[in-house]
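The next block holds one structure in the form of structure tokens; read it before the comments.
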Amino acid sequence: QVQLVESGGGLVQPGESLRLSCAASVSIFSLNFMGWYRQAPGKERELVALITIGGSRNFADSMKDRFTISRDNAKNTVYLQMNSLKDEDTAVYYCHAAKGADRYWGQGTQVTVSS
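As structure tokens, then:
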């Protein structure tokens with residue numbers, strides 16, 4: 005069983021930045037990948053960014069110019085740096101990881117972008 009604990013959400017104004025963190029309860033090297041999805045009200049959950057065990061990164065096209073994903077191997081933690089936030093980035097952001105054929109989700113952290 006893998007537990008994912010997110011932190012870093014909150015309320016920001018358009019144009020500001022925010023960094024989300026996701027700490028895994030197991031070694032990050034035992035996971036095929038870790039990353040982030042988000043779900044806005046009334047919309048389906050969508051990919052934000054993933055980082056694989058080998059360090060490859062995948063981004064949603066609409067976010068790759070503003071968001072970056074990184075990890076701290078010693079802390080088993082993945083970070084999502086979000087810059088130039090827009091109103092439409094408002095959503096619950098979920099950490100996601102895969103270990104073999106199993107998939108795991110965090111509890112979600114709310115990000116609200118509003119003036």
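Count the sequence shown with the working numbering and you get residues 5 to 119, in order.
For each residue, glycine too, the CB sits at the ideal point set by N, CA and C.
Between VAL117 and ASP91, the C-beta spacing is below 8 angstroms. The bridge partners DSSP lists for ASN62 are LEU54. A straight line joining the alpha-carbon of ALA28 with that of PHE37 spans about 11 angstroms.
Setting aside the 5 residues that flank it on each side, LEU54 is surrounded in the same chain by PHE37, GLY39, ASN62, each with a C-beta closer than 6 angstroms to its C-beta; the list follows chain order. Distances from the CA of SER34 to each of TYR108, ALA64, TYR97, LYS68 were compared; the closest alpha carbon is that of TYR108.
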